[in-house]
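Data block below; observations after.
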Amino acid sequence: MVGTFAVTIETGGVMDMDVMNVLVGSGTDVLLTFEDGIYPYDGVGVRASVTGSTQLDIPRQQLVVKHSTGVATGIGYGTGTISEAGDADILLTVETAGVGPADAGSGGAPVVYHITGSRSTNP
Numbered sequence: 733m734v735g736t737f738a739v740t741i742e743t744g745g746v747m748d749m750d751v752m753n754v755l756v757g758s759g760t761d762v763l764l765t766f767e768d769g770i771y772p773y774d775g776v777g778v779r780a781s782v783t784g785s786t787q788l789d790i791p792r793q794q795l796v797v798k799h800s801t802g803v804a805t806g807i808g809y810g811t812g813t814i815s816e817a818g819d820a821d822i823l824l825t826v827e828t829a830g831v832g833p834a835d836a837g838s839g840g841a842p843v844v845y846h847i848t849g850s851r852s853t854n855p
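So the sequence shown is numbered by our numbering: it starts at 733 and just counts up by one.
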C-alpha cells in the first residue's frame with residue numbers, strides 16, 4: 733500500500749491532477765500526503781487506518797482542500813481502498829464550517845472528493 737500515486741481529485745464534475753504519497757504511520761495507520769490540494773491543519777499528513785490489506789478509513793480530522801472548484805476548510809473523513817495492484821479509490825468528505833444546510837441543522841455543507849489513481853512506476 734505504501735508508495736507514490738498519480739491521482740485525480742474530482743468534485744462537482746471538475747478534476748484536478750495531483751500526486752499522493754502513502755507513508756507508514758504508527759501501528760496500522762498510514763499518512764496520505766498530497767503535493768497540492770489536500771492537507772491537515774497540523775501539516776503532517778491525512779491520517780488513515782488500514783484494515784486488512786486494502787481498506788482505508790479516514791477518521792474525522794481538520795483538513796484544507798484546495799481544488800479548482802474552490803477551497804474547503806473543515807472536518808474531513810472518508811473511506812477507500814488501495815488494491816494490491818496499486819489502484820486507489822477514495823471518497824473524502826469535508827464538512828465546511830459556517831455553511832449549514834437549508835434547514836439550519838448542525839454541521840456544514842459536505843463536499844465530497846473522489847480520489848482515484850494508480851501507484852507510480854517511477855521511484
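The beta-carbon is built from N, C-alpha and C at its ideal position, and this holds for glycine as well.
The structure displayed is predicted, hence computed values, not measured ones.
Inter-residue Cα distance where the pair is residue i and residue j
i, j, result
"residue 807", "residue 853", "33 Å"
"residue 740", "residue 847", "6 Å"
"residue 798", "residue 758", "27 Å"
"residue 745", "residue 772", "24 Å"
"residue 782", "residue 789", "7 Å"
DSSP three-state assignment for residue i, whether helix, strand or coil
i, result
"residue 675", "Outside the shown range of the chain, which is 733 to 855, sits residue 675, and nothing can be said about it."
"residue 784", "coil"
"residue 827", "strand"
"residue 738", "strand"
"residue 761", "strand"
Option in the options with minimal Cα separation from residue i
i, options, result
"residue 823", "817, 851 and 787", "787"
"residue 850", "826, 818, 825 and 755", "818"
Below-8 Å beta-carbon distance, residue i vs any chain C residue
i, result
"residue 810", "Of the chains in the structure shown, none is chain C; there is only one protein chain."
Residues bridged to residue i [DSSP beta-bridge criterion]
i, result
"residue 796", "771 and 805"
"residue 778", "764"
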